[in-house]
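I have placed the structure first, in the form of structure tokens, so that the comments after it can refer back to it.
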Amino acid sequence: MPDRNDLNATYSRLSSLFRSAWTFHQFVQGVNKIFSSEQIDLSGLSFQGVYSKLKAVPPALQSDDTQAAARSLEAAEEDLSRLLDRLVQIDERVSPALLRRFFERVKKYDRKILGQLLRFLVLTRDRSWGIDRHDKVDFLATRYTVERDETIGGDADVLAELWDEVRSDFPDLASVEERVKDAVSEMASQREAMSSLSSLEQFNEMGLIQGFRDVKHRLGLLVFEPRVMAQLVETNLFLKKSVSGFYQMEERRIASEYQEVFELEREVRTVDDALDSELAEFRGQVEALERSIEDQNVKLHSLVDVGSKARRLIPRLRSAGNGSQDGAEDAAEQRSGSRQPVEDTAEMAATELPTNQRPTEMWREGIDEDRPQGALRIRTAYAELLGDSLRQLLQMLEGSDWKADPQAVTLTEEARPFRLEAREVLAYRRLHGSMRFDREVEQFILEACALRLLISSQAEEIVGLLDVQRRRREGAPFEEARRMCRLSSLFEARFEHFLHQSLLSNRPDDARELYRLRMRLVRDYSGLWLLVHHTA
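Following this line, the structure appears as structure tokens:
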């Protein structure tokens, strides 16, 4: 006669495995629903047969019919084994990146799902255990630990349960203890090394992320040992916090840089074959990066590579552009004698204005006492879109009182339609004067102001069209408005980059002014975006 205790233990084991398999199946259905491009075939899966056989076991045990209970368990185990074989094959279609994307997209879920998915991956380890599965366990265990620690009460500790499950895989306890001590020490050293870094490039160059992954992969299922798991989670969270801070800054800066490459490419009439080939390769890299950003699957080395390539291409494109355009412009300027020279950006950092003053207080320092002769001309990469608006802005500022406080200039009748900030008046004077300032920042401030003016004008036109067209958002004005929204998004990213540069250079007042200008742009272009995209 089959032993009742053995039957109860088998029933508990199979029931737990069945629940984890069902949860994994539900998870994959969720993936198919959210990510239409990631459809995973779930046909041919039969859970009902296994469930029916397991359901027949408790009544048989209660009636002392252990033979019937044993037969039901044997049949259920055979069916469940075939089901698990298929589910493990399906699991191979679920990459670690897809798993992360799912839980980043789905904000509300029962935390027990994490535990059941962990059970599924660990309890089927005899069927498959590779690097991808290890990375998925790593992600789920870290997320489970964080959410468990934030919850009062709740279910039992799945991680402790799984360590009891896998510790039989490590019969040599002395060897386990030595490996645990080494792993704890190594992860502590890696956190110390990470804390000394200041950029994504350094993370990439030192290979700390890959080094940490290698440590985890060498540990295998030993990661469930409580001391190792505690260190692993702490290091994962430390790494995420460190990288995410640098990543947000770097992503915006790199987006600004590669957009500048594309703008410069449009300006340059001819490039040599080598540069043309590099630009084609760069466009491919950017497209791949943007797809990975959209999929929330950005690789650190991809981000760093695009940024490095952009920084190499920008001076070459500027040089190519200067060769074809500077001759004509310089000749015209020599005839008119109109423009004061503006120093290169690289030479300006040492002579910027002090940062402990507001624009209305510091405008006299570093600004010529007398207005330089002639109008300021700006060659912008966005001339096609901003040209007219920028010319109107510069013409108004040219006619303003050079010796007046910038705040007073913004309140004049001539300036009122432009809705200027004092910092924008200051940017004009800095560019027009003979002192050295960061031309890129000052010019960008004026370009952003011109874009803001253009957005307001376009929004008024769109409102008038919507009164006539109702819900139809079609035609050239709407396409132009959408283009402005895309450019505004780029400008917002550049504002963020310059703002962070100011903070890193200990110029908080500059950062405060840039933040104010950024928010004004965001407010205006958000309204335009709603006008051209809202469907209600």
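Per the numbering used here, the sequence shown starts with residue 1263, numbered consecutively. Quick reminder that beta carbons are idealized off the backbone N, C-alpha and C, glycines included. Keep in mind the model is a prediction, meaning the values are calculated, not measured.
- Distance from the Cα of V1399 is smallest, within the candidate group D1388, L1376 and D1419, for L1376.
- Per DSSP, the unbroken alpha helix (DSSP H) holding A1283 starts and ends at R1266 to I1296.
- For N1466, the uninterrupted alpha helix (DSSP H) run begins and ends at L1462 to M1468, by DSSP.
- M1781 counts as exposed, since fewer than 16 other beta carbons sit within 10 angstroms of its beta carbon.
- DSSP places L1304 in no alpha helix (DSSP H); its state is neither H nor E.
- The three-state secondary structure of E1519, taken from DSSP, is helix.
- DSSP, reduced to helix, strand and coil, places T1328 within a helical segment of the structure shown.
- Assigned with DSSP and collapsed to three states, Y1787 falls in helix.
- Look at N1768 here: in three-state DSSP terms it is coil, with no helix or strand label.
- In this structure, the CA atom of E1741 is about 52 Å from the CA atom of R1281.
- For W1425, the enclosing alpha helix (DSSP H) has its first and last residue at V1420 to V1428.
- One alpha carbon belongs to D1567, the other to F1309, and they sit about 47 Å apart.
- Apart from sequence neighbours up to five positions away, the residues of its chain that approach A1332 with a beta-carbon distance below 7 Å are P1264 and L1269, ordered along the chain.
- At a Cβ-Cβ threshold of 8 Å, A1283 and K1315 do not count as neighbours.
- If you draw a straight line from the Cα of F1524 to the Cα of S1581, it is about 15 Å long.
- Contact check for G1306 against D1341 fails: the beta carbons are separated by 8 Å or more.
- The way I'd put it, the stretch 1680–1687 doesn't touch the stretch 1753–1769; fewer than three beta-carbon pairs between them come closer than 8 Å.
- In the DSSP annotation of this structure, the continuous segment of the alpha helix (DSSP H) that includes P1668 starts and ends at P1668 to T1672.
- The DSSP-derived three-state label of K1369 is coil.
- E1686 has its alpha-carbon roughly 14 Å from the corresponding atom of R1774.
- Three or more beta-carbon pairs separated by less than 8 Å are not found between the stretch 1418–1425 and the stretch 1439–1448, which leaves the two stretches without contact.
- Taking a C-beta distance under 8 Å as the contact criterion, R1441 and L1484 qualify as a contact pair.
- In this structure L1652 touches L1708 by the C-beta definition: roughly 7 Å separates them, less than 8 Å.
- Per DSSP, L1376 is one residue of the alpha helix (DSSP H) stretching across K1374 to L1385.
- In the structure shown, the three-state DSSP call for E1675 is coil.
- Here Q1378 is buried, its C-beta having at least 16 other C-beta atoms within 10 Å.
- If the five residues before and after E1676 are omitted, its C-beta is found closer than 8 Å to the C-beta atoms of M1658, G1661 and S1662, all from its own chain and listed in chain order.
- Contact check between the stretch 1449–1457 and the stretch 1466–1474: three or more CB pairs, one atom from each, fall below 8 Å, which counts as touching.
- The alpha carbon of S1570 has as its nearest neighbour, out of S1277, F1544 and I1724, the alpha carbon of F1544.
- Contact between R1395 and F1365 fails: their C-beta atoms lie close to 16 Å from each other, not under 8 Å.
- For F1432, the three-state secondary structure derived from DSSP is coil.
- Straight across, the Cα-Cα distance linking G1473 with W1425 is about 24 Å.
- Less than 8 Å separates the beta-carbon of F1382 from that of T1285.
- Here S1719 is exposed: its Cβ has fewer than 16 other Cβ atoms, across all protein chains shown, within 10 Å.
- The alpha-carbon of S1564 is positioned some 14 Å away from that of R1573.
- About 15 Å separates the CB atoms of S1750 and L1776; that is not less than 8 Å, and the two are not in contact.
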